[in-house]
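Participant: Letter 23 of the sequence shown, counting from 1, is numbered 23 in the UniProt record's numbering, and no numbers are missing. Beta carbons: idealized from backbone N, C-alpha and C, even for Gly. Model, not experiment: these values are computed from the prediction.
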Amino acid sequence: KEEIEIKEEPINIKSVEIKCSKEIYDEPIAFTWESNLFKNKLTHTDEKSYQCSKYYKALSHNSSIKIHKRVHTLEKRYQCSQCDKAFSQNSSLTIHQRIHTGEKPYQCSQCEKAFSQKYVFIQHQRKHTGEKPYQCSQCDKAFSQNSHLISHQGTHTGEKPYQCSQCDKAFSQNSSLIIHQRMHTGEKPFQCSQCDKAFSHKNSLIKHQSIHTGEKPYQCSQCDTAFSRKHDLIVHQLIHTGEKPFQCSQCDKAFSLKNYLIKHQRTHTGEKPYQCSQCDKAFSSKNYLMIHQRIHTGEKPYQCIQCDKAFSRNSTLIIHQRMHTGEKPYQCSQCDKAFSQNGHLISHQRTHTVRVI
Numbered sequence: 001k002e003e004i005e006i007k008e009e010p011i012n013i014k015s016v017e018i019k020c021s022k023e024i025y026d027e028p029i030a031f032t033w034e035s036n037l038f039k040n041k042l043t044h045t046d047e048k049s050y051q052c053s054k055y056y057k058a059l060s061h062n063s064s065i066k067i068h069k070r071v072h073t074l075e076k077r078y079q080c081s082q083c084d085k086a087f088s089q090n091s092s093l094t095i096h097q098r099i100h101t102g103e104k105p106y107q108c109s110q111c112e113k114a115f116s117q118k119y120v121f122i123q124h125q126r127k128h129t130g131e132k133p134y135q136c137s138q139c140d141k142a143f144s145q146n147s148h149l150i151s152h153q154g155t156h157t158g159e160k161p162y163q164c165s166q167c168d169k170a171f172s173q174n175s176s177l178i179i180h181q182r183m184h185t186g187e188k189p190f191q192c193s194q195c196d197k198a199f200s201h202k203n204s205l206i207k208h209q210s211i212h213t214g215e216k217p218y219q220c221s222q223c224d225t226a227f228s229r230k231h232d233l234i235v236h237q238l239i240h241t242g243e244k245p246f247q248c249s250q251c252d253k254a255f256s257l258k259n260y261l262i263k264h265q266r267t268h269t270g271e272k273p274y275q276c277s278q279c280d281k282a283f284s285s286k287n288y289l290m291i292h293q294r295i296h297t298g299e300k301p302y303q304c305i306q307c308d309k310a311f312s313r314n315s316t317l318i319i320h321q322r323m324h325t326g327e328k329p330y331q332c333s334q335c336d337k338a339f340s341q342n343g344h345l346i347s348h349q350r351t352h353t354v355r356v357i
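#1: Output the boundary residues of the alpha helix (DSSP H) element that contains H212.
#2: Of all the options Q237, C192 and Q79, which has the alpha carbon lying nearest to the alpha carbon of Q209?
#3: In chain order, what residues of the same chain have a beta carbon less than 6 Å from the beta carbon of A338, not counting five sequence neighbours either side?
#4: Would you mind sorting Q306 into buried or exposed? The rule is 16 or more other CB atoms within 10 Å of its CB.
#5: Given a threshold of 16 other Cβ atoms within 10 Å of its Cβ, counted over all protein chains shown, does Q334 qualify as buried or as exposed?
#6: Run through DSSP, which three-state label would S21 get?
#7: With which residues is Q275 paired in a DSSP beta bridge?
#8: Please identify the residue among H292, K286, S285 and T269 whose C-alpha is closest to the C-alpha of C279.
#9: Can you give me the C-alpha to C-alpha distance between S147 and F311, rounded to a whole angstrom?
#10: Counting pairs of beta carbons, one from the segment 144-158 and one from the segment 170-190, are three or more of them closer than 8 Å?
#11: What residues match up with Y134 in a beta bridge as DSSP calls it?
#12: Which first and last residues belong to the alpha helix (DSSP H) in which G343 is found?
#13: So, do the segment 248-257 and the segment 211-230 have three or more beta carbon pairs nearer to each other than 8 Å?
#14: So, is S144 buried or exposed, given that buried needs 16 or more other C-beta atoms within 10 angstroms?
#15: Please identify the residue among G102, F121, T157 and S116 whose C-alpha is closest to the C-alpha of E110.
#16: Just the Cα atoms here: how many angstroms apart are I206 and P301?
#17: Measure the alpha-carbon distance for Q138 versus Q123 and round it to whole angstroms.
#18: Keeping to the same chain, check which residues put their C-beta closer than 8 Å to that of S284; ignore five residues upstream and five downstream.
#19: Buried or exposed: where does I346 fall if 16 or more other Cβ atoms within 10 Å of its Cβ makes it buried?
#20: According to DSSP, is Q125 helix, strand or coil?
#21: Do the CB positions of I95 and S116 come within less than 8 Å of each other?
#22: Tell me, which residues are paired with Q219 by DSSP?
#23: Looking at the structure shown, is F339 part of a helix, part of a strand, or coil, going by DSSP?
#24: Identify every run of the alpha helix (DSSP H) within the segment 149-190, keeping only runs that are complete inside it and at least 4 residues long; order them along the chain.
#25: Look at the alpha carbon of H212 and the alpha carbon of N203, and state the distance between them as a whole number of angstroms.
#26: Are the Cβ atoms of A86 and Q79 separated by less than 8 Å?
#27: Restricting to Cα atoms, I'd like to know which of C108, C83 and C195 is closest to T101.
#28: Which two residues bound the contiguous alpha helix (DSSP H) that contains R266?
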């Protein structure tokens, strides 16, 4: 038998929260019982007293099986007082309310980051320690999060068990399905605290917030370009390395990112899954749809911090800012000319190739 320690955490006078120290998933499971029902320890054995009839999860207390079954019955008795969200567990409501209060009780001792949930804090600490406890059984890859391992394992099996009920898309992770479904529902749960903008994806909010702060913490080591997101830096660095590992099977095109390959393949298939709700236009990528919709809304979210100009596209803002900085990253290989835009370089290069008859 493996003995698992149970920690009591008082929530209020009537109840206590019992947390199992055995991390089964990325986030340890927590259950709330009346104070006269809690146990100091649970013993994990091969046999459990109570088995969930819906899935394989086995629980060792009758109270916990009742709470766990709410996940399957969709019973959500704990209602948030500030929005319409409801939860099956009081502990889940407590965590959710931190979105409204901004409370982040878990502070990293190695940087200034703080977190509202303990399991996210634990995952973050692995960035500092380099710990990757989740090992793939089919190759030598290891991951800091169980969800990343599960996603990776799909590359071996090809399995995509999470099917969208509104289209034919399927995903290897439930989280990817949830993000995809927001395309159908229009849900935008990530609200900017400095303006009225809201986003369907957390990364989109983080990218947007840099408009307010102007912060660009990710610096390229090979040139003086800096970015607000690490992902953008990684994409930029491929300009220097020239690496393009993703090859199209229908032509000789190759791409630095898998997403670029997927978008490119739609030029062969003609697929345009992103439909404008205000006109009959459809697009091969979500980004093209978002840019197009600004024609209808007049939105220009990309503001220059050095003048009053604003733009509907980030790429246009970047080009504009070079007017202020004097940056000319596109260098001609045949002379000493340099240009602020790739299109200008291409036009210039024709002066070298034109033959006089």
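Facilitator: Working from what's here:
#1: Unbroken alpha helix (DSSP H) run through H212: K202 to T213.
#2: Closest option to Q209, judged by alpha-carbon separation, among Q237, C192 and Q79: C192.
#3: The beta carbon of A338 is closer than 6 Å to those of K328 and Q331 in its chain, skipping five residues each way along the sequence.
#4: By the 10 Å Cβ count, Q306 comes out exposed.
#5: A residue is called buried once 16 or more other Cβ atoms fall within 10 Å of its Cβ, and Q334, having fewer, is exposed.
#6: With a pLDDT of 39 at S21, under the threshold of 50, the predicted position of this residue should be treated as unreliable, though the coordinate-derived value follows. Three-state DSSP puts S21 in coil, outside helix and strand.
#7: The partner list for Q275 (beta bridge, DSSP) reads A282.
#8: Of the listed residues, the one whose Cα sits closest to C279 is H292.
#9: Looking at the two C-alpha atoms, the distance is approximately 37 Å.
#10: Short answer: they touch.
#11: Answer is F143, bridged to Y134.
#12: Boundaries of the alpha helix (DSSP H) around G343: N342 to T353.
#13: Cβ pair count under 8 Å is below three, so no.
#14: When all chains shown are included, S144 counts as buried.
#15: In the sequence under discussion, the amino acid at residue 110 is Gln, which differs from the Glu named in the question. Just measuring C-alpha positions, the residue of G102, F121, T157 and S116 sitting nearest Q110 is F121.
#16: Spanning the two alpha carbons is a distance of roughly 14 Å.
#17: Here the alpha carbons of Q123 and Q138 stand approximately 23 Å from one another.
#18: Excluding sequence neighbours, S284 sits near K263, R266, T267, E271, K272, P273 and Y274.
#19: Around the beta carbon of I346, fewer than 16 other beta carbons lie within 10 angstroms, which makes this residue exposed.
#20: For Q125, the three-state secondary structure derived from DSSP is helix.
#21: Taking 8 Å as the Cβ cut-off, I95 and S116 qualify as a contacting pair.
#22: According to DSSP, which records beta bridges pairwise, Q219 is partnered with A226.
#23: DSSP places F339 in strand when its eight states are reduced to three.
#24: The qualifying runs are 174-185.
#25: Rounded to the nearest angstrom, the two C-alpha atoms are 15 Å apart.
#26: In contact: A86 and Q79 (Cβ atoms closer than 8 Å).
#27: Of the candidates C108, C83 and C195, the one whose C-alpha sits nearest the C-alpha of T101 is C83.
#28: Unbroken alpha helix (DSSP H) run through R266: K258 to T269.
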